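Using my numbering, you'd call the opening residue of the sequence shown number 19 and step up by one each time.
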Amino acid sequence: MKKEDQERRMAIRAIKENTPKEVEAELLNLIENGYKLNDLHKSGYSQHLNR
Numbered sequence: 019m020k021k022e023d024q025e026r027r028m029a030i031r032a033i034k035e036n037t038p039k040e041v042e043a044e045l046l047n048l049i050e051n052g053y054k055l056n057d058l059h060k061s062g063y064s065q066h067l068n069r
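Structure, rendered in structure tokens:
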């Protein structure tokens, strides 16, 4: 469970730092619904998550 929490925090931080505002809300919503960082990368959101 701790690793999941860390992954969620990493994803949220990456989104807030690297994402246009119009996409940020959608990505944060996906995370709240259980998406993980790797899921977001595989779903085509990687362009917004790359540092």
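For every residue, glycine included, the Cβ atom is placed at its ideal position computed from N, Cα and C.
The model shown is predicted, which means the values in this text are computed figures rather than measured ones.
Query	Result
CA-to-CA distance, L55 to M28, given in whole angstroms	8 Å
Test: N51 CB closer than 7 Å to a CB of chain C	Chain labels in this structure do not include chain C; a single protein chain is all it has.
Element boundaries [alpha helix (DSSP H), containing K54]	Segment: none, K54 is in no alpha helix (DSSP H) and carries neither H nor E.
Sequence-distant residues of its chain with Cβ nearer than 8 Å to K60 (five each side left out)	none
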